[in-house]
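First the structure, in the form of structure tokens, and then the observations on it.
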Amino acid sequence: MDLNFTGTDVCAVNGTRSAPEAKYDLVVIGAGPSGIAAAIEGAASGASVLLVDENPVSGGLMGNDTPLYFGGRMTAATQNADRMLEAIFMSMPDLEKAMEAGVELLLGTTAWGVYRNGPGVQSLPEQVVGLADAERSWLVGFDRIVLATGARDLAIAFPGWNQPGVMGAAALQMLLSRYGAFSGRRIVVLGSHDLALETALLALEHGLDVAALVEVRDTPQGDAALLEKITSAGIAIFYGQSIAASKGGLDGIESITLTDGTQIACDTVCVAIGLIPSIELVDAMHGPRALNAARGGYIPAGEPNVTAVGLCAGLPDTGFDHVAYRMDWVRAALRVNAPDTIICQCEDVTLADLIGIQPPNYLPRPATLQARSLDTLLNDGPANPDQIKRLTRSGMGVCQGRRCRDQVAMMLAIESNKPFGTIPLATHRAPVRPLPLKILAEWDEPAAMDAAWDVWFGIPTQWVPVEDIGTEYQDAHREMLYTGMYT
Amino acid sequence: MSGSEVVIVGGGVTGLSAGWWLARSGVKVTVLEKFIVGWEASGRNGGGASHYSSPLFDEEQRLWPQMDELLGYPTEHQKGRILIAMTERQWDQYRFIAERHTRLNHPVEVLDVKQVQEAVPLAGDNSFGGVHYKFGGHANPQRTVQAYAWALQDLGGTIIQHSPVTGFETAGGKVTSVKTANATYGCDAVVVAAGPQIPQLMAQLGVDVPLAAARAEMIITEPAPMMPLGGVDGHKIYGRQTLRGNLAYGGGPHEWLDVDATGPAARPSTPLARNLAKRLAELLPKAAHLNVIRSWAGVIENSPDGRPIIDRLTSPDNVVVASMSSVGFGLSPASGHAIRDLVIDGACSFTNIDLLKLSRFDGLEKDWREKRGWMPIA
């Protein structure tokens with residue numbers, strides 16, 4: 004069998020991809036106030052607009068702390084998709100206005116990836132956003148995209164944080180304000196900056212018992228007027244403290260002990276230390292981003308046709324250094340947490356194993372490996388969270404690093420004596436939300452995709468066994484196993 | 452050659468294995484890596500280790516079961532693989548391969564649907580059957596790459612990361628030193644194992660190495676319960692169940708790229724994740740509910756015939772060039788050994804690798820990429 008090249012590699016991706024199902028002038032991701040406003044503005048200018056929001060997410064995803072850190076404190080109401088949907092419309096009257104303005108609205112629809120041609124890829128027919136609901140995934144084309152993906156919770160580990168009842172402030176606010184579906188009763192709030200103060204006041208408004216606020220710094224951090232409301236409500240704030248220990252049972256957290264020994268009974272610890280702008284899509288699409296400590300961390304740095312609005316563009320700049328504040332909490336955690344404190348809940352990575360760069364416990368740890376650590380790794384170059392993920396598995400689990408990515412980056416900065424911003428951001432990758440194989444699958448893919456599909460490159464000489472070259476088996480091998488590229 | 456100095460250009464799995472083998476022979480090894488060890492294709496692949504078409508196969512098979520012990524670090528190596536046929540055509544193809552293995556005394560067993568499900572509980576009752584390789588296997592690429600790097604250091608070798616090679620100094624028909632932006636490393640011999648960047652580097656030595664780069668993609672799911680046999684291929688995808696339980700799979704169309712001397716500009720994944728998800732859900736229907744939690748891409752190079760280039764040059768005569776042509780991870784224990792032999796002894800001691808000589812491309816047409824359609828999309 005002679006090899007005659009045709010000038011075309013039929014196993015290349017060129018021309019095999021499906022076109023998007025629909026195309027809009029403007030796609031807005033996230034139907035919070037900023038996203039709704041952007042969608043209405045787009046529709047008013049005559050653009051075709053699609054507005055999507057992942058909420059309500061399934062009860063299963065909420066149980067995996069996606070997209071927010073719910074800490075297992077949802078009531079059974081969150082299992083009912085119809086009631087959740089109704090609650091969203093009740094809490095967001097502007098959604099009706101958007102629909103009246105001609106915006107096409109899809110709730111319960113996740114945007115899991117944005118794709119466009121650029122460095123390393125030229126094979127996309129056009130720029131698309133990947134969407135998915137409970138039934139299927141599909142692609143939508145766009146001219147412009149507005150990211151209004153909000154902000155997610157920052158979690159910081161303490162002994163026993165890996166049990167039900169430890170949750171984030173954004174999650175608590177969503178369960179209280181939007182869904183009325185919070186199952187806790189007595190809350191300790193970590194932090195005393197505005198987020199913590201606002202969250203504590205919201206909990207009070209909802210008739211909950213706020214047992215205390217805990218502040219790692221020696222002074223209150225937030226707005227004086229908010230602080231006054233907290234203190235006049237008789238809520239204690241413990242300064243210069245963090246959580247040294249906790250107790251819990253089957254239903255989760257039951258009490259915490261502060262570093263000064265104070266014990267506080269509670270069924271919920273709300274970590275209200277900070278919010279992280281949700282830049283997963285920007286980062287997964289290799290969009291530019293910048294670190295801005297006054298705006299909550301990494302934020303989109305701006306580019307044509309991609310606009311970020313609302314909290315995902317950065318927290319309001321009040322002059323507060325969020326990064327320095329979080330680093331103080333993480334420094335305290337590193338002082339207080341026992342070596343066996345779990346840092347990555349999905350993969351059971353302990354603090355000792357993270358800092359020791361040790362593998363998961365199903366692997367052997369020969370003496371050579373035990374001699375390795377972050378310190379020895381740093382001799383080879385600066386800490387890189389992706390490398391440390393690969394070795395320790397921290398951040399590799401089903402929550403996609405939402406619970407540990409940010410604190411691990413801070414721990415690596417502290418342990419390597421570097422400013423936070425010098426440690427690279429661990430990469431976000433599509434799908435930026437967990438998506439079942441059967442949902443992600445393109446079941447109706449074009450025939451061209453299957454025609455081009457080879458397990459590897461489709462090079463007929465690549466896999467002919469060396470013993471068979473030049474024998475009668477060579478042609479049989481090619482004829483049996485290869486098609487297409489050559490005639 | 453004990454006590455001499457060898458510089459390895461490229462801290463991928465091939466360069467690191469070569470460095471480790473050389474260090475085991477008492478050579479002073481310095482690996483120059485443009486970023487972090489194993490950052491490119493070496494840490495982004497399916498982890499397969501069953502390359503029966505290669506002249507390095509026997510050595511690959513001999514070494515893998517020993518690698519954890521030899522390196523002193525876990526690689527997650529697991530023995531055995533299975534090919535599951537989901538179409539009649541695949542069933543014919545896989546049994547053809549099985550016959551070929553039987554002819555060469557590689558232990559294989561053809562399994563019926565029920566036997567397939569026993570070995571691979573995530574498989575359905577809709578396959579045509581499977582072929583169980585009782586050889587080969589898979590390992591964790593990222594852990595293995597780091598294991599080579601650490602083992603090399605334990606033997607006194609040096610790894611310099613974040614240091615792209617910028618050029619060479621030559622004298623008397625030999626490379627005498629290798630240059631980076633910040634330093635110059637004197638050497639007695641050089642191994643160029645820089646993957647897609649090999650052509651640009653070797654051009655500086657006046658040597659034409661025909662390689663073209665392309666991007667390929669993978670997906671990974673959340674963990675599933677551990678299966679008796681985790682090295683599951685078939686249905687035109689390849690992959691493995693990790694020891695944590697995740698299903699990591701790749702395959703399908705690639706995209707040819709131009710890669711400059713600094714390496715791939717980016718490694719974006721694309722909606723091809725959906726087509727991989729479809730095939731994985733078909734291959735392992737009882738895994739269809741599992742969440743996909745990441746996708747990624749890697750950039751790999753291929754030679755015009757898809758076979759490795761492992762060769763010691765005649766001029767400069769102290770240079771070994773090594774590209775595994777997109778199939779480097781599994782063969783790495785053996786490729787490193789072959790490279791070590793070429794550097795120290797001038798010839799491979801354990802198998803005939805004449806087939807992998809660069810000279811087979813002498814007279815290759817200038818437009819070989821165009822002829823094959825291996826060109827970036829304009």
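Order-wise, the sequence lines are chains P and S.
Counting from 4, one number per residue, gives the positions in the first sequence under this note's numbering.
Counting from 452, one number per residue, gives the positions in the second sequence under this note's numbering.
For each residue, glycine too, the CB sits at the ideal point set by N, CA and C.
Classify Met-677(S) as buried or exposed, calling it buried when 16 or more other Cβ atoms lie within 10 Å of its own Cβ. In the second sequence, residue 677(S) corresponds to position 226, counting from 1. The residue in question, Met-677(S), is exposed, as its Cβ has fewer than 16 Cβ neighbours within 10 Å.
Start-to-end residues for the alpha helix (DSSP H) that takes in Asp-156(P): What you label residue 156(P) is simply residue 153 of the first sequence in a count that begins at 1. That residue, Asp-156(P), is in no alpha helix (DSSP H); its beta strand (DSSP E) goes 154 to 156.
In the DSSP assignment, what are the bridge partners of Glu-484(S)? Translated into positions along the second sequence, residue 484(S) becomes position 33. Note: Glu-484(S) sits in no beta bridge, so no partner.
For Pro-827(S), decide whether its Cβ has a neighbour in chain P, counting only Cβ atoms nearer than 8 Å. Sequence index remark: in the second sequence, residue 827(S) carries index 376 (1-based). For Pro-827(S), the answer is yes, since a Cβ of chain P falls inside 8 Å of its Cβ.
Kindly indicate which three-state DSSP category Cys-273(P) falls into: helix, strand or coil? Here residue 273(P) refers to the residue found at position 270 of the first sequence. Correct three-state label for Cys-273(P): strand.
Taking 8 Å as the threshold (C-beta atoms), are Gly-461(P) and Ala-429(P) in contact? For the purposes of this step, residue 429(P) is taken as residue 426 along the first sequence, with counting starting at 1. For the purposes of this step, residue 461(P) is taken as residue 458 along the first sequence, with counting starting at 1. The answer is no: Cβ separation not under 8 Å.
Using the beta-carbon of each residue, which ones in chain P are nearer than 8 Å to Val-743(S)? If you number the second sequence from 1, residue 743(S) lands on position 292. What Val-743(S) touches in chain P: Pro-434, Pro-437, Leu-438, Pro-439, Leu-440 and Leu-443.
When you compare only the Cα positions, how much space is there between Ile-276(P) and Thr-112(P)? Along the first sequence, read from residue 1 onward, the residue named residue 276(P) stands at position 273. Along the first sequence, read from residue 1 onward, the residue named residue 112(P) stands at position 109. Those two C-alpha atoms are separated by around 29 Å.
Using DSSP's beta-bridge definition, name the partner residues of His-589(S). What you label residue 589(S) is simply residue 138 of the second sequence in a count that begins at 1. Partner(s): Gly-499(S) and Gln-529(S).
Short check: CB of Ser-249(P) to CB of Glu-218(P), under 8 Å? The residue you call residue 249(P) lines up with position 246 of the first sequence. The residue you call residue 218(P) lines up with position 215 of the first sequence. In this structure, Glu-218(P) does not lie closer than 8 Å to Ser-249(P) by Cβ.
Work out the CA separation of Thr-321(P) and Ala-667(S) for me, nearest whole Å. Residue numbering aside, residue 667(S) sits at position 216 when the second sequence is read from its first letter. Residue numbering aside, residue 321(P) sits at position 318 when the first sequence is read from its first letter. Each residue's alpha carbon lies about 45 Å from the other.
Measure from the alpha carbon of Val-464(S) to the alpha carbon of each residue in Gly-489(S), Asp-509(S), Trp-471(S) and Gly-477(S), then state which is nearest. If you number the second sequence from 1, residue 464(S) lands on position 13. Nearest C-alpha to Val-464(S): Gly-489(S).
I'd like the list of long-range same chain contacts for Val-710(S), defined as Cβ closer than 6 Å, with 5 residues on each side in sequence excluded. One-based indexing of the second sequence puts residue 710(S) at position 259. Once the five neighbours on either side are set aside, the close Cβ partners of Val-710(S) are Pro-647 and Ala-664.
Along the chain, which unbroken stretches of the beta strand (DSSP E) at least 3 residues long are found entirely within the segment 313 to 399 of chain P? 345 to 347
Within the same chain, show all residues whose beta-carbon is closer than 8 Å to that of Ile-688(S), passing over the 5 residues directly before and after it, in chain order. The residue given as residue 688(S) occupies position 237 in the second sequence. The answer, listed in chain order, is Tyr-700, Gly-701, Gly-702, Gly-703, Leu-727, Arg-730, Leu-731 and Leu-734.
Between Leu-108(P) and Ala-114(P), is the Cβ-Cβ spacing less than 8 Å? Here residue 108(P) refers to the residue found at position 105 when the first sequence is read from its first residue. Here residue 114(P) refers to the residue found at position 111 when the first sequence is read from its first residue. Cβ atoms of Leu-108(P) and Ala-114(P): not closer than 8 Å.
Stretch-stretch touch, CB-based, cutoff 8 Å, three pairs: the segment 784 to 803 of chain S with the segment 811 to 821 of chain S: no
Could you name the residues that DSSP lists as bridge partners for Gly-470(S)? Position 19 of the second sequence holds residue 470(S). According to DSSP, Gly-470(S) bridges with nothing at all.
Does the beta-carbon distance from Ala-712(S) to Leu-698(S) come in below 8 Å? The count along the second sequence starts at 1 and reaches residue 712(S) at position 261. The count along the second sequence starts at 1 and reaches residue 698(S) at position 247. No, these two residues do not count as a Cβ contact at 8 Å.
Within the same chain, show all residues whose beta-carbon is closer than 8 Å to that of Asp-818(S), passing over the 5 residues directly before and after it, in chain order. As a first step, residue 818(S) is located in the second sequence; it is residue number 367 there, counting from the start. Within the same chain, Asp-818(S) has no close Cβ partners at all.
Looking at the structure shown, is Phe-241(P) part of a helix, part of a strand, or coil, going by DSSP? By 1-based counting over the first sequence, the position of residue 241(P) is 238. Strand, per DSSP.
Among Val-571(S), Arg-823(S), Glu-706(S) and Arg-725(S), which residue has its Cα nearest to the Cα of Leu-134(P)? Your numbering for residue 134(P) matches position 131 in the first sequence. Comparing Cα positions, the closest option is Arg-725(S).
Does Phe-812(S) come out as helix, strand or coil in the three-state DSSP assignment? Counted from its first residue, the second sequence places residue 812(S) at position 361. Looking at Phe-812(S) - three-state DSSP - the assignment turns out to be helix.
Return the chain-ordered list of same chain residues with a C-beta closer than 7 Å to the C-beta of Val-326(P), the five sequence neighbours on each side being excluded. By one-based count along the first sequence, residue 326(P) stands at place 323. Excluding sequence neighbours, Val-326(P) sits near Ala-296, Gly-300 and Phe-423.
Applying the 10 Å Cβ sphere with the 16-neighbour rule, what's the burial state of Ser-578(S)? Working through the second sequence from its first residue, we reach residue 578(S) at position 127. Flag for Ser-578(S) reads buried.
Taking CB distances under 8 Å as the criterion, tell me whether Met-413(P) reaches chain S. The residue given as residue 413(P) occupies position 410 in the first sequence. Output row for Met-413(P): interface = no.
Quick check: the Cα distance between Gly-187(P) and Met-288(P), rounded to an integer number of angstroms? Locating residue 187(P) in the first sequence gives position 184, counting from the first residue. Locating residue 288(P) in the first sequence gives position 285, counting from the first residue. In a straight line, the C-alpha of Gly-187(P) is about 38 Å away from that of Met-288(P).
Could you give the DSSP three-state label for Leu-524(S): helix, strand or coil? Against the second sequence, residue 524(S) aligns to sequence position 73. The question names Leu, but residue 524(S) in the sequence shown is Tyr. The answer is coil: DSSP assigns Tyr-524(S) none of H, G, I, E or B.
Output, in chain order, the set of chain B residues within a Cβ distance shorter than 8 Å of Met-483(P). The structure shown has no chain B; the protein chains it does contain are P and S.
Backbone CA spacing between Gly-623(S) and Ile-610(S) [nearest angstrom]: Walking along the second sequence from the start, residue 623(S) turns up at place 172. Walking along the second sequence from the start, residue 610(S) turns up at place 159. Spanning the two alpha carbons is a distance of roughly 28 Å.
Identity of the residue in Ser-245(P), Ile-246(P) and Leu-229(P) nearest Ile-238(P) by Cα: Here residue 238(P) refers to the residue found at position 235 of the first sequence. The option with the nearest alpha carbon to Ile-238(P) is Leu-229(P).
Applying a beta-carbon distance threshold of less than 8 Å, which residues of chain S neighbour Ser-126(P)? Stepping through the first sequence from its first residue, residue 126(P) is reached at position 123. What Ser-126(P) touches in chain S: Glu-706, Thr-721 and Ile-828.
Suppose the cutoff is 6 Å on Cβ atoms and the five residues either side in sequence are ignored; what does the same chain contact list for Thr-78(P) look like? In the first sequence, the residue the question calls residue 78(P) occupies position 75. For Thr-78(P), where only same-chain residues beyond five positions count, the Cβ hits under 6 Å are Ala-184 and Ser-186.
Using the C-alpha atoms, what's the distance from Val-458(S) back to Thr-627(S)? As a position in the second sequence, residue 627(S) is number 176, starting the count at 1. As a position in the second sequence, residue 458(S) is number 7, starting the count at 1. So the two alpha carbons sit approximately 10 Å from each other.
Coarse secondary structure for Leu-278(P), derived from DSSP in three states: Your numbering for residue 278(P) matches position 275 in the first sequence. If DSSP states are grouped into helix, strand and coil, Leu-278(P) belongs with the strands.
Relative to the C-alpha of Asp-85(P), which candidate in Asp-254(P), Leu-110(P), Asp-68(P) and Met-95(P) has its C-alpha closest? Locating residue 85(P) in the first sequence gives position 82, where the first residue counts as 1. Answer by Cα proximity: Leu-110(P).
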